[in-house]
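Novice: Residue numbers (my numbering): 60 to 527. Note that beta-carbon positions come from the ideal geometry of N, C-alpha and C, so glycine has one too. Nothing here was measured: the structure is a model prediction, and the numbers come from that model. Next up is a structure, given as structure tokens.
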Ligand SMILES: *Cc1c(COP(=O)(O)O)cnc(C)c1O
């Protein structure tokens, strides 16, 4: 081990290497110095754990790679071949051309964000989406905020602070990424009153829990799980009937906020915002970037007096929607208003793709790969994901590559970390096979996907050559 430590080069020696000197042309000297120092710390800790000191040329290569990364954002485009349409870790909905153009325009210059061009007076950014939202959802009023978690928090704070909100025990859920109904409730200052049991809750459970302190009944859509078997929960319309009798508003956290009927695409029916309004919910909460297919946003839609309370609450400013997202949201909503969502909004384009089209694409991919990859086209399933349609799947065709053979084991990892400048690819690994689903790969990404795949497979040939 002593020897390993002695083999560690000095900072100056590394700085003197050709590949590192070049970095100083691109970054400041302190930045390069810090890069080298922290790398050497890592090398020493690795030696502590019993590793050998890397060769000087490997160190230089690793430092140049890190140096290049210094100059670029770690956030980059990824090709989603996982078949999960709304993949939260991959940023959920890809946006339509119109939405992207609108966001670009809003980002590039000034806009009439809060200026009424007619009168020259100050106005609200909400005017750009509110009437569209009302038209599409049949709500009286609507407010767009940063995301749906913010929509729920803001509405509860505005309507139920210091009061009680009744929720079925089966709906006091965690949506993921730290959004837990009981905790959001606590942060809003409302007190959660859980009723019923995990699997069965009756209208009478709500009824018995109503007190003079009850501010609302809250329904939460079980976005990412399903309770099956011996279950019961009152329909939204029944809750509304009870709420109306007692003068208590019913709030409906829809999660996805679907405007189209998912059953048309062979999926289970996801509750729509229109249904929520027709059933009499006082407010519905939904995301902009789930099945709506727009940018990250949250929407509060429903009765004017209640939306107004949310609008005037001090938290509204803290969770307000930014101008770029607002522009994208408006453009996305316009697709629905024009009746063209299915053909223009990428999420719906992906969901409505027929198996034959997908199969032809999968076959073309498999043909474009070297025979040694042994790629097969197999039947499989895509999922909606992103807190919508739990358990719902769409039949699809996949390109499958077996990982059990020499040199294939780390193919998924190589695809996630391709050479600099190439887009990482995320597939799915099941039964020791890498599965690539064309459904979620944008049509203009085919070439990039195939090029990265071929490169990763060629690397494998090199690796396999070394193994023998
Ligand atoms: C996804 C989801 C949320 C959170 O929405 P974000 O837009 O991610 O903040 C809240 N409630 C339900 C039911 C959800 O499905």
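Pull up the CB-CB distance for residue 338 and residue 296, whole angstroms please, since I reckon it's below 8 Å.
Specialist: 4 Å
Novice: Is the closest heavy atom of ligand 1 to the C-beta of residue 312 under 7 Å?
Specialist: yes
Novice: I'd like the ranges of any beta strand (DSSP E) spanning at least 3 consecutive residues and lying wholly in the stretch 160-205.
Specialist: 200-204
Novice: Taking the straight line between their C-alpha atoms, what separation do you get for residue 125 and residue 519?
Specialist: 23 Å
Novice: In the DSSP assignment, find the alpha helix (DSSP H) that holds residue 392 and state where it starts and stops.
Specialist: Residue 392 -> alpha helix (DSSP H) spans 382-396.
Novice: DSSP three-state call for residue 338: helix, strand or coil?
Specialist: coil
Novice: Report all residues from its chain with a CB closer than 8 Å to the CB of residue 103; omit the five preceding and five following residues, and keep chain order.
Specialist: Excluding five sequence positions before and after residue 103, the CB atoms of its chain that fall closer than 8 Å to its own CB belong to 64, 67, given in chain order.
Novice: What number of angstroms, rounded off, separates the C-alpha of residue 170 from the C-alpha of residue 361?
Specialist: 28 Å
Novice: Can you tell me the Cα-Cα spacing of residue 191 and residue 300, whole angstroms?
Specialist: 28 Å
Novice: Name the DSSP beta bridge partners of residue 289, please?
Specialist: Looking at the DSSP assignment, residue 289 forms no beta bridge with any residue, so it has no partner.
Novice: With residue 435 as the anchor, note down where its beta strand (DSSP E) starts and where it stops.
Specialist: 435-442
Novice: In chain order, which beta strand (DSSP E) runs of at least 3 residues are fully inside the stretch 446-516?
Specialist: 452-461, 487-489, 492-495, all fully within the stretch 446-516.
Novice: Around the Cβ of residue 97, are there at least 16 other Cβ atoms within 10 angstroms (buried) or fewer (exposed)?
Specialist: exposed
Novice: Looking at the unbroken beta strand (DSSP E) that takes in residue 225, where does it start and where does it end?
Specialist: 223-227
Novice: Cα-Cα, which of 386, 418, 206, 477 is closest to residue 496?
Specialist: 418
Novice: Around the C-beta of residue 264, are 16 or more other C-beta atoms found within 10 angstroms, so that it is buried, or is it exposed?
Specialist: buried
Novice: Would you mind reading off the limits of the beta strand (DSSP E) that contains residue 425?
Specialist: Residue 425: not part of any beta strand (DSSP E); member of the alpha helix (DSSP H) spanning 414-427, first to last residue.
Novice: Do residue 311 and residue 340 have their CB atoms nearer than 8 Å?
Specialist: yes
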